[in-house]
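S.K.:
Residue numbers (the working numbering): 1 to 423.
1) In terms of DSSP beta bridges, what is residue 300 paired with?
2) Could you tell me which residues DSSP pairs with residue 274 in its beta bridges?
3) Quick one: what's residue 145 bridged to in DSSP?
4) Within 10 Å of its beta-carbon, does residue 74 have 16 or more other beta-carbons around it, so buried, or fewer, so exposed?
5) Between the alpha carbons of residue 191 and residue 286, how many angstroms are there, rounded?
6) In angstroms with no decimal places, state the Cα-to-Cα distance between residue 158 and residue 42.
7) Considering only the beta carbon of each residue, do residue 49 and residue 71 sit closer than 9 Å?
8) Within the segment 55-134, note down every full beta strand (DSSP E) run reaching 3 residues or more, in order along the chain.
9) Are the segment 197-213 and the segment 15-23 touching by the rule of at least three beta carbon pairs closer than 8 Å?
10) Does residue 123 pass the burial test, meaning 16 or more other C-beta atoms within 10 Å, or should it be called exposed?
11) Report yes or no: do three or more beta-carbon pairs, one from the segment 108-120 and one from the segment 219-227, lie closer than 8 Å?
12) Please look up how many angstroms separate the CB atoms of residue 105 and residue 80, rounded, as I've assumed it's under 8 Å.
13) Go to residue 8, then tell me how far its alpha helix (DSSP H) extends in each direction, as first and last residue.
14) On the DSSP bridge assignment, give the partners of residue 2 in chain order.
15) Hey, would you say the C-beta of residue 244 is under 8 Å away from at least one heavy atom of the ligand MN?
16) Whole angstroms are fine: how far does the CA of residue 143 sit from the CA of residue 114?
17) Smallest Cα separation from residue 163: which of 120, 53, 138, 232?
18) Let me know if residue 147 comes out buried or exposed under the rule of 16 or more other beta-carbons within 10 Å of its beta-carbon.
19) Which same chain residues end up closer than 6 Å to residue 32 when comparing Cβ atoms and leaving out the 5 residues on each side of it in sequence?
20) With distances taken Cα to Cα, identify the nearest neighbour of residue 62 among 53, 77, 39.
21) Where do the ends of the beta strand (DSSP E) carrying residue 26 lie?
22) Using C-beta distances below 6 Å, list every residue in its chain close to residue 271, excluding the 5 sequence neighbours before and after it, in chain order.
23) Just to confirm my understanding: we take residue 57, look at its own chain, exclude 5 residues before and 5 after, and list those with CB closer than 6 Å. What are they?
24) Under three-state DSSP, which class holds residue 224?
25) Could you spell out where the alpha helix (DSSP H) holding residue 207 opens and where it closes?
26) Less than 6 Å between C-beta atoms, sequence neighbours within five positions excluded: which residues of the same chain meet that for residue 47?
27) Starting from residue 322, follow its DSSP beta bridges and name the residues at the other end.
28) Taking the alpha helix (DSSP H) that residue 39 belongs to, which residues open and close that run?
29) Cβ atoms of residue 275 and residue 316: under 9 Å apart, would you say?
30) Does the pairing of the segment 287-307 with the segment 245-255 give three or more beta-carbon distances under 8 Å?
31) What residue from 101, 165, 185 has the CA that sits closest to residue 174's CA?
32) Give the range of the beta strand (DSSP E) segment to which residue 328 is assigned.
33) Taking all protein chains shown into account, decide if residue 232 is buried (16 or more other Cβ within 10 angstroms of its Cβ) or exposed.
34) For the beta strand (DSSP E) that contains residue 268, what are its first and last residues?
35) In the DSSP assignment, what residue or residues form a beta bridge with residue 50?
36) Do residue 86 and residue 64 have their C-beta atoms within less than 9 Å of each other?
Printed below as a string of structure tokens:
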């Protein structure tokens, strides 16, 4: 049997920051609850209460909810309407797919003057002849029944035939009580026998799930119990045991453990006097979820309850160790000075020799600089000085010997006047 507990209610009211006393809406559907309790004392300001798809057999412990406007009790095992007189603001009541056979119990809703909507679809009482007219005549404040609006003419006809319909309803109601009593006794004997059989034989259990069954409160309750038992059995089979990490071996020596499966780097400082442990902690992880324990021979870091333990190659000073958290990356850096740290001279390489040539001064030119292919013209090649001078001297001499010489006319030349002169 599932009971309503404070823990369950707080779990369902996360939208109200876990506060129960100021809660106005609560949904406890599909929880296999069998009894309504405690809510009228814990949540008096409730306006909407949803209890559909449970195993509730009786409407009770709701009289103190003066502000309750909507109560949903569909898909339960309720057989009678009762204990709703104190819900003064009740405007909508849903009892779909229950087992209400005592239709005359709706008289208890007469004083709920704000009740406008009522659902009784799927209940045995809806099969009675004149069911709708009886409800309309008994509850004059209703405006909608089973999703259908009630008009004025329908209400007048229901009031006119009320006495005749009431007698018929009482007869059918008594017939249903006799039938229901026989069904209840039969189901109790049947399911007590079936319960013993299915616990001993798995084949009978599988046969039970394949057989059709009647629609009764006992059947719903028995099926819910078997489903819950089956789910619990599956959870025990499929649930793997949690691995237990041993932090020390049989001799009491610490061992390396990385339960958190987090990356880290373990190095020595530049002066070789301390160990540095850099743990890649998640950037947005709260620092309060970290715990550092530095011992002379090992270091242990607990991250959200999971352990990272490393054995140190040398003893360290626990009182001088420090732990710092990076603000940019979130990494946790633990510095642990060695107990017997030796200062070693750091070998430094001399810087390479570099030859600096004076920069060549170039004359300023306002001409546009173009891309040149080959060596620059300003390169000084002293091996070509003599050759260049000889070329220049030869060019000067040949230039001085040049003179204009007219071409001699041949002896057989005849000037043709028809030919135009050359321009």
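Cβ coordinates follow ideal geometry from the N, Cα and C atoms, glycine included.
M.R.: Let me lay it out:
1) Mapped onto the chain shown, residue 300 falls at position 300. According to DSSP, which records beta bridges pairwise, residue 300 is partnered with 293, 309.
2) Your numbering for residue 274 matches position 274 in the chain shown. 337.
3) To locate residue 145, count along the chain shown from 1; it is residue 145. DSSP lists 118, 148 as partners of residue 145.
4) Translated into positions along the chain shown, residue 74 becomes position 74. Burial call: buried.
5) The sequence position of residue 191 within the chain shown is 191, counting from 1. The sequence position of residue 286 within the chain shown is 286, counting from 1. Here the alpha carbons of residue 286 and residue 191 stand approximately 54 Å from one another.
6) Reading the chain shown from its first residue, position 158 is the one you call residue 158. Reading the chain shown from its first residue, position 42 is the one you call residue 42. Each residue's alpha carbon lies about 41 Å from the other.
7) Sequence index remark: in the chain shown, residue 49 carries index 49 (1-based). Sequence index remark: in the chain shown, residue 71 carries index 71 (1-based). Taking 9 Å as the Cβ cut-off, residue 49 and residue 71 qualify as a contacting pair.
8) Listed in chain order, the complete beta strand (DSSP E) runs (minimum 3 residues) inside the segment 55-134 are 70-72, 92-94, 117-119.
9) Contact fails: fewer than three Cβ-Cβ distances are below 8 Å.
10) To locate residue 123, count along the chain shown from 1; it is residue 123. It is buried - the Cβ of residue 123 has at least 16 other Cβ atoms within 10 Å.
11) The segment 108-120 makes no contact with the segment 219-227; the number of CB pairs closer than 8 Å stays below 3.
12) Position 105 of the chain shown, counted from the start, is the residue given in the question as residue 105. Position 80 of the chain shown, counted from the start, is the residue given in the question as residue 80. Their Cβ separation, rounded to whole angstroms, is 5 Å, which keeps residue 105 and residue 80 in contact under 8 Å.
13) Sequence index remark: in the chain shown, residue 8 carries index 8 (1-based). Residue 8 -> alpha helix (DSSP H) spans 6-12.
14) Locating residue 2 in the chain shown gives position 2, where the first residue counts as 1. Partner(s): 33.
15) The ligand content of the structure shown is nil, which means the ligand MN is not present either.
16) As a first step, residue 114 must be located in the chain shown, where it is residue number 114. As a first step, residue 143 must be located in the chain shown, where it is residue number 143. Going by the C-alpha atoms only, they are around 10 Å apart.
17) Counting from one through the chain shown, the residue named residue 163 turns up at place 163. When the alpha-carbon of residue 163 is set against those of 120, 53, 138, 232, the nearest one is in 138.
18) For the purposes of this step, residue 147 is taken as the residue at position 147 of the chain shown. Classification of residue 147: exposed, given that the 10 Å Cβ count is below 16.
19) Here residue 32 is taken as the residue at index 32 of the chain shown, counted from 1. These residues qualify, in order along the chain: 2, 55, 224.
20) As a working note, residue 62 is residue 62 in the chain shown. When only C-alpha atoms are compared, the closest one is 39.
21) One-based indexing of the chain shown puts residue 26 at position 26. It spans 25-27 - the beta strand (DSSP E) in which residue 26 sits, taken as one unbroken run.
22) For the purposes of this step, residue 271 is taken as residue 271 along the chain shown, with counting starting at 1. Answer for residue 271: no residue qualifies.
23) Within the chain shown, the letter at position 57 stands for residue 57. Excluding residues within five positions, the ones whose Cβ falls inside 6 Å are 77.
24) Along the chain shown, one-based indexing puts residue 224 at 224. Three-state result, residue 224: helix.
25) Here residue 207 refers to the residue found at position 207 when the chain shown is read from its first residue. Secondary structure note for residue 207: its alpha helix (DSSP H) is the uninterrupted segment 202-210.
26) Taking the chain shown and counting its residues from 1, one reaches residue 47 at position 47. Excluding its 5 nearest sequence neighbours in each direction, residue 47 has C-beta neighbours in its own chain below 6 Å: 24, 67, 69, listed in chain order.
27) Position 322 of the chain shown, counting from 1, holds the residue named residue 322. As DSSP reads the structure, residue 322 sits in a beta bridge with 335.
28) Translated into positions along the chain shown, residue 39 becomes position 39. Membership of residue 39 in the alpha helix (DSSP H) is indicated by the continuous run 39-42.
29) Locating residue 316 in the chain shown gives position 316, where the first residue counts as 1. Locating residue 275 in the chain shown gives position 275, where the first residue counts as 1. With respect to the 9 Å criterion, residue 316 and residue 275 are classified as neighbours on the basis of their beta carbons.
30) The segment 245-255 and the segment 287-307 touch, with three or more beta-carbon pairs separated by less than 8 Å.
31) Against the chain shown, residue 174 aligns to sequence position 174. Taking only the C-alpha atoms, the option nearest residue 174 is 101.
32) If you number the chain shown from 1, residue 328 lands on position 328. Boundaries cannot be given for residue 328, as no beta strand (DSSP E) includes it and DSSP labels it neither H nor E.
33) Here residue 232 is taken as the residue at index 232 of the chain shown, counted from 1. The residue is exposed, with fewer than 16 neighbouring Cβ atoms inside 10 Å.
34) The residue labelled residue 268 in the question sits at position 268 within the chain shown. For residue 268, the uninterrupted beta strand (DSSP E) run begins and ends at 264-268, by DSSP.
35) Counting from one through the chain shown, the residue named residue 50 turns up at place 50. Answer by DSSP bridge pairing, in chain order: 27, 72.
36) As a first step, residue 86 must be located in the chain shown, where it is residue number 86. As a first step, residue 64 must be located in the chain shown, where it is residue number 64. Going by C-beta atoms, residue 86 is nearer than 9 Å to residue 64.
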